[in-house]
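Trainee:
Numbering (this note's numbering), first residue to last: 52 to 562.
1) Quick one: is residue 274 buried, meaning 16 or more other Cβ sit within 10 Å of its Cβ, or exposed?
2) For residue 336, tell me which candidate among 141, 65, 453, 481 has the shortest Cα-Cα distance.
3) Quick one: residues in its chain with C-beta nearer than 6 Å to the C-beta of residue 361, no 5 flanking neighbours on either side, listed in chain order?
4) Here's the rule: buried if 16 or more other CB atoms are within 10 angstroms of the residue's CB, otherwise exposed. What is residue 186?
5) Considering only residues of the segment 87–159, which uninterrupted alpha helix (DSSP H) runs meet the minimum length of 4 residues and lie entirely inside it, listed in chain order?
6) Answer with buried or exposed for residue 358, where buried requires no fewer than 16 other C-beta atoms within 10 angstroms of its C-beta.
7) Consult DSSP for residue 296 and reduce its assignment to one of helix, strand or coil.
8) Residue 184 and residue 93: beta carbons closer than 7 Å?
9) Suppose you measure from the CA of residue 79 to the CA of residue 371; what does that come to, to the nearest Å?
10) Is the CB-CB distance between residue 181 and residue 241 below 7 Å?
11) Looking only at C-alpha atoms, which of 391, 457, 301 sits nearest to residue 282?
12) What are the start and end residues of the alpha helix (DSSP H) that includes residue 421?
13) Using the Cα positions of residue 364 and residue 474, report the straight-line distance between them to the nearest angstrom.
14) When the distance is taken between beta carbons, is residue 334 closer than 7 Å to residue 422?
15) Give the range of the alpha helix (DSSP H) segment to which residue 204 is assigned.
16) Along the alpha helix (DSSP H) that carries residue 228, what are the first and last residues, could you check?
17) Look up residue 476 in the DSSP assignment and say whether it is helix, strand or coil.
18) Assess contact between the segment 506–517 and the segment 467–483, defined as three or more Cβ pairs (one per stretch) separated by less than 8 Å. Is contact present?
19) Using only alpha-carbon positions, find the residue among 143, 430, 110, 246 that is nearest to residue 129.
20) Compute the Euclidean distance between the alpha carbons of residue 460 and residue 490, then round it to the nearest angstrom.
21) Is residue 446 helix, strand or coil when you go by DSSP?
22) Once the 5 residues before and after residue 546 are set aside, which same chain residues still bring their CB inside 8 Å of it?
23) Using the C-alpha atoms, what's the distance from residue 450 back to residue 87?
24) Compare the C-alpha of residue 65 against each of 406, 487, 201, 413 and name the closest.
25) Could you check whether residue 73 and residue 209 sit closer than 7 Å to each other, using their CB atoms as the reference points?
26) According to DSSP, is residue 482 helix, strand or coil?
27) Looking only at its chain, what residues have a beta carbon closer than 7 Å to the beta carbon of residue 403, apart from the 5 residues adjacent to it on each side?
28) Expressed to the nearest angstrom, what Euclidean distance is found between the alpha-carbon atoms of residue 356 and residue 305?
29) Check whether the Cβ atoms of residue 257 and residue 174 lie closer than 7 Å to each other.
30) Measure the CB-CB distance between residue 28 and residue 522 and report whether it falls below 7 Å.
31) Residues in the same chain with beta-carbon distance under 7 Å from residue 261, minus the five sequence neighbours each way, listed in chain order, please.
32) For residue 391, which residues from the same chain have a beta carbon less than 6 Å from its beta carbon, with the 5 sequence-adjacent residues on both sides left out?
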């Protein structure tokens, strides 16, 4: 055994390597998000392949440690890992666009492409770092008779490091300085701690390799100003996602999450109502309710709905109070900075929609549910019988709940399951084909709706420019009409699977 390392140093060393493993895993989700999203499938690939890399690293590391019980070799392995980690942003920027090209309408490929993205880019350094624990224990086996105690201490330090890497990366470095910067911090830490360990072999000069994360940062830190012909006004990581604000050649400003599978909010350059924007159909809802006072928007995003209500509805209904709920506080600020939302348009609350409604202390005449996770998925916990029962409890006797559902056909399993679930709660359920492609509005009401009430819209209102005649096609759902559909509950609400299978079937049927 060559030049064993001191126990105190190894405790600190495994702390740093343990933190680095979790920092890489957390940052991996942010690296992948702009290309593959952050769906459960992507997370499964990240976690599964990281665990596989750890398992193989433990296996190989144990055998290498018995064959070559060298502290110098261990330090060189983590030095190599730190160098590899420093190159992750450059390597990812090369590989991810190639793997993600053309997957937007083929979600099945997300499974395979994100799998290989993690395998190629993130698995190698994690495999190398997994060798640390068996190597460290083997190196200490000749220095102490209390090997069990020392091994326990090493695992405890490694686990504490993992906690620091997890919470520090997720709650501090990513939201405040960025995902790439988080990677550079931990790659530099790996290089420095490995170089310090190599000092007794005269290799401490290898600390000069810390220039690699600095150089990589310099090469990748240029602010993105154009993307797909659009000007990027703002981009950055938040606590919840990667966010971009873009402006196209017509001057329309859009809010885009992660890989951009869907626009979350849009501010038209002309501030005109667009007949293809489904959310403009929400502006007719206040006229289906007698003297509405309270309107709730779950999923405020950039504040497009709230802003439009303030501009087009409140002039006729000045007593209407609007409350918006948006989970991401950074997005709330963007709604004021870029999307024209005014303080008087709505009161915006930063909270999860389900948590908000569970703790609400008032009832609403109208609730609009416009929440999407990972661009195209209705969040599972906002699609269930239990959720809609809570909404019903917070709906006035004359009130209604409305939500948009993206569906390729009116008989898609996603749409029919959502209709069945809402119909199980509300006495009156309606469906209407919304503006735009593949958009359907489902309404649950506590009173029978009459589309003739839309005649209350002022003849001089800009809302008259919308296709109000589409409301004549609103259909009431008959009880038992969707018995064969899936009833969504907190225990079983596979909205991601229903969405992916719907899109996949649409693609295969169109070929």
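Beta carbons: idealized from backbone N, C-alpha and C, even for Gly.
Mentor: Reading from the atomic positions:
1) In this prediction, residue 274 has a pLDDT of 48, which is less than 50 and means its spatial position is unreliable; what the coordinates show is noted afterwards. Residue 274 comes out exposed.
2) 453
3) 396
4) buried
5) 91–118, 122–137, 139–151
6) buried
7) strand
8) no
9) 44 Å
10) no
11) 301
12) First-last for residue 421: undefined, no H or E at that position.
13) 28 Å
14) no
15) 198–219
16) Run containing residue 228: none; DSSP gives neither H nor E here.
17) coil
18) no
19) 246
20) 9 Å
21) strand
22) 428, 429, 430, 431, 434, 465, 539
23) 39 Å
24) 201
25) no
26) strand
27) 378
28) 14 Å
29) no
30) Within the shown structure, residues of the chain are numbered from 52 to 562, placing residue 28 beyond reach of any answer.
31) 239, 242, 243
32) 318, 358
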